[in-house]
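Peer 1: Each residue of the sequence shown is one higher than the last, beginning at 1093 in our numbering. Quick reminder that beta carbons are idealized off the backbone N, C-alpha and C, glycines included. Structure below; questions to follow.
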Amino acid sequence: MNSTMLDEHILTQLRGDLLAASRRVPARRHIIHEWELSSVERWFFPDGSSLICKLTTAPFTDEATVLRALNDRQAPVPLLDGYAMRPDGLGMLMEDLGEPNRTATFAEAAAAAQWAHATAGIPNLPTFDEAGLARLPGHGLDALDELRRRGHFIHDAAGIEAALQRLAATARHKADGAERPPIGLCHGEFHRSSLHLTRTGSRLIDWAKAFTGPGLLDLATWFGTRTPTEPRFLTRLIHAYIAAGGHPDAEADRGGLPAARWALGWHRVWATCWLLTTAAAGHHQASADRRHTQLVLRQLRAAVDLLGAPPLISTNCPSPTAGRSS
């Protein structure tokens, strides 16, 4: 499998590009966070200033485009100081916001989501409409096929496939309402650590998974995926979102389900298919397969429960793979 995981060679190239473009040399660097697909560092300069350096590889190489567009609109996001692109990576220098001093309240989260979803016209972002959501389980099945063909995701693959097939069989119906407002720019990883709060205000950071689509999917990400789903908590956030100026249709039913249940279910489907497709593209180490299969199974079981996907009880039912799209 061809891997595009961030290695030291790519890191060195991107740092060199940023240094050449900025014409500044840091006195020292401090690594804030590092994983297989990105590295976040704080660069300290001799004059006492500092910048945040973010180095990343596919599929996270569109973030500079989003930040540039949002900076042009004076949105509350980090200021992009400079960036460098290579075929296999992105390097960015951004303003240093310092350390956050607290987590956001529901009202603050709702206000941040409201301005983001009211933003339109960011080019070249993935778009999720009804058809796009309905295709997600099929994409997940295609990625699982590729992973198994390469000898990955062997453990519990049958359970993953069965859950995806159940979701694919009902996806067109359950995707109904995806194009109902609020529609706009979605952060994609809208959770507590992405809303950076300091004494000088709030900034929404980490736009690497941005897309255009239903804002309810964004609101669903606020609660993460490591704890059991609680539609009542998302319902409270939806009410705060409307109070902050969000579209009143945010609380309308979709796909025959209450808004919170619909959003949480489809968020689990999206998160699962994103992991499967990035793994199939070689963006994760094979040693993570067992952990990822357990994560995928947990997400899919929650999605099946939330969306009410029926069991496949007859071989005469239309094959869910027939709806796959390349």
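#1: Could you give the residue range of the beta strand (DSSP E) that holds K1146?
#2: I think L1277 touches A1302, with their Cβ atoms under 8 Å apart; what is that distance to the nearest whole Å?
#3: Below 8 Å between beta carbons: does that hold for I1144 and V1158?
#4: How far does the alpha helix (DSSP H) with L1111 in it reach, from first residue to last?
#5: Going by Cα to Cα distance, which pick from P1168, H1384 and P1151 is closest to A1249?
#6: Tell whether a beta-carbon distance below 8 Å holds between R1353 and A1255.
#7: Does DSSP classify W1207 as helix, strand or coil?
#8: If we count the other Cβ atoms within 10 Å of its Cβ and call it buried at 16 or more, is V1388 buried or exposed?
#9: Nearest CA to the CA of F1220: which residue from A1270, Q1105, N1163 and H1209?
#10: Taking the alpha helix (DSSP H) that T1313 belongs to, which residues open and close that run?
#11: Secondary structure at I1246, three-state DSSP: helix, strand or coil?
#12: Which term fits A1222, buried or exposed, when burial requires 16 or more other beta carbons within 10 angstroms of its beta carbon?
#13: Quick one: is E1322 buried, meaning 16 or more other Cβ sit within 10 Å of its Cβ, or exposed?
#14: Which runs of the beta strand (DSSP E) spanning at least 3 residues fall entirely within the stretch 1250–1327, listed in chain order?
#15: At what residues does the beta strand (DSSP E) containing R1134 begin and finish?
#16: Are N1216 and D1154 closer than 8 Å when you measure CB to CB?
#17: Would R1258 and P1403 be called neighbours here (beta carbons separated by less than 8 Å)?
#18: Which two residues bound the contiguous alpha helix (DSSP H) that contains G1183?
#19: Pairing CB atoms from the stretch 1167–1175 with CB atoms from the stretch 1123–1130, are three or more of them under 8 Å?
#20: Please name the residue in A1335, D1397 and D1341 whose C-alpha comes closest to that of A1199.
Peer 2: Reading it off the structure:
#1: S1142 to T1148
#2: 7 Å
#3: Going by C-beta atoms, I1144 is not nearer than 8 Å to V1158.
#4: For L1111, the enclosing alpha helix (DSSP H) starts and ends at E1100 to S1114.
#5: Comparing C-alpha distances from A1249 to each of P1168, H1384 and P1151 shows the shortest one belongs to H1384.
#6: no
#7: Helix at W1207.
#8: buried
#9: A1270
#10: Segment G1307 to T1313, the alpha helix (DSSP H) holding T1313.
#11: coil
#12: It should be pointed out that residue 1222 corresponds to Glu in this sequence rather than to Ala. By the C-beta density criterion, E1222 is buried, having at least 16 other C-beta atoms within 10 angstroms.
#13: exposed
#14: 1275–1278, 1287–1290, 1293–1296 and 1303–1306
#15: S1130 to F1136
#16: yes
#17: yes
#18: Note, G1183: premise wrong, no alpha helix (DSSP H); beta strand (DSSP E) at G1181 to E1187.
#19: no
#20: A1335
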